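Inspection log for the structure reproduced underneath, given as structure tokens.
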Ligand code: NAD
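Residue numbers (this note's numbering): 1 to 238.
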């Protein structure tokens with residue numbers, strides 16, 4: 001399949017994963033060694049890791065903030081922002097990524113289901129919303145406290161926690177006639193199930209990435225290639 005045709009009545013749902021930011025120089029999560037930027041997930045990205053050693057968690061996410069600030073959106077981010085400009089509210093983007101490269105490319109109708117690097121929230125479930133936080137911390141003493149007294153933690157959905165905005169995401173998948181998945185290994189749930197929900201809703205489903213994902217058999221089309229090379233020429237609007 002060289003092109004994906006998008007007709008006037010189509011609604012497009014896009015799910016992106018770490019692979020779309022790989023060509024911007026940000027390491028994916030499940031590279032050969034199974035580590036994220038050299039760290040075991042259990043040490044930096046679980047509620048237990050936070051309980052055990054909050055500084056180790058903040059040190060890791062401070063380093064991700066520093067790397068993210070140096071990275072630039074690549075042609076894949078730009079192609080999705082351009083598609084949104086053409087489709088308007090017939091387009092919806094859900095990213096598993098915590099970087100802000102989609103926004104910096106111009107995407108606006110998007111949710112970050114696994115949180116955002118540029119925010120922090122209270123470690124207690126005190127009900128206050130997340131706040132902007134771009135700091136690159138050098139010690140735990142620098143990290144602020146919520147008015148309720150809880151320590152602020154990265155606004156990241158740790159493994160074992162419930163992803164954000166799931167009701168809205170489910171509603172958007174149910175409305176879409178085309179679901180496109182880009183650069184995700186199909187191993188992190190519930191995102192790996194979105195293609196099944198899309199099929200149940202009767203949508204066409206396509207995957208773009210350099211290797212077949214674990215859930216490849218659920219897609220109607222798999223385009224093998226790097227997102228930054230494939231996406232800019234992929235869409236044919238009718
Ligand atoms: P993953 O690391 O498990 O899988 C990455 C996928 O990207 C692989 O299937 C790989 O084949 C593909 N890929 C590699 N290079 C690509 C390219 N140039 N174009 C397209 N695809 C490419 O990632 P995941 O499935 O998104 O799960 C990892 C979790 O870790 C995510 O939920 C996310 O929250 C977090 N994470 C985020 C970032 C980020 O924000 N940039 C980076 C690493 C991990």
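C-beta: ideal position from N, C-alpha, C; glycine also. Note that the structure is predicted; figures quoted are calculated from it, not measured.
What is the residue span of the beta strand (DSSP E) that residue i lies within?
i: residue 239; result: Nothing can be reported for residue 239: it is not among the residues displayed for the chain, which extend from 1 to 238.
i: residue 153; result: 152-156
i: residue 204; result: 204-209
i: residue 223; result: 221-224
Determine the DSSP secondary structure at residue i, reduced to helix, strand or coil.
i: residue 175; result: helix
i: residue 231; result: helix
i: residue 169; result: helix
i: residue 145; result: strand
i: residue 44; result: helix
Given that a residue counts as buried once 16 or more other Cβ atoms are within 10 Å of its Cβ, and exposed if not, what is residue i?
i: residue 120; result: buried
i: residue 131; result: exposed
i: residue 263; result: Because the chain is modelled from 1 through 238, residue 263 falls outside the range shown and cannot be assessed.
i: residue 8; result: exposed
i: residue 144; result: exposed
i: residue 64; result: buried
Can residue i be considered in contact with the ligand NAD, in the sense that its beta carbon sits closer than 6 Å to one or more heavy atoms?
i: residue 30; result: yes
i: residue 226; result: yes
i: residue 26; result: yes
i: residue 21; result: yes
i: residue 99; result: yes
i: residue 154; result: no
i: residue 185; result: yes
i: residue 18; result: yes
i: residue 209; result: yes
i: residue 121; result: no
i: residue 44; result: no
i: residue 96; result: yes
i: residue 188; result: yes
i: residue 112; result: no
Which two residues bound the contiguous alpha helix (DSSP H) that contains residue i?
i: residue 196; result: 194-200
Could I get the ranges of all uninterrupted beta strand (DSSP E) runs contained in the stretch 58-140, with 3 residues as the minimum, in chain order? 91-95, 110-112, 115-122
Can you list the beta strand (DSSP E) stretches of 3 or more residues lying completely in the stretch 4-31, in chain order? 4-6, 12-16
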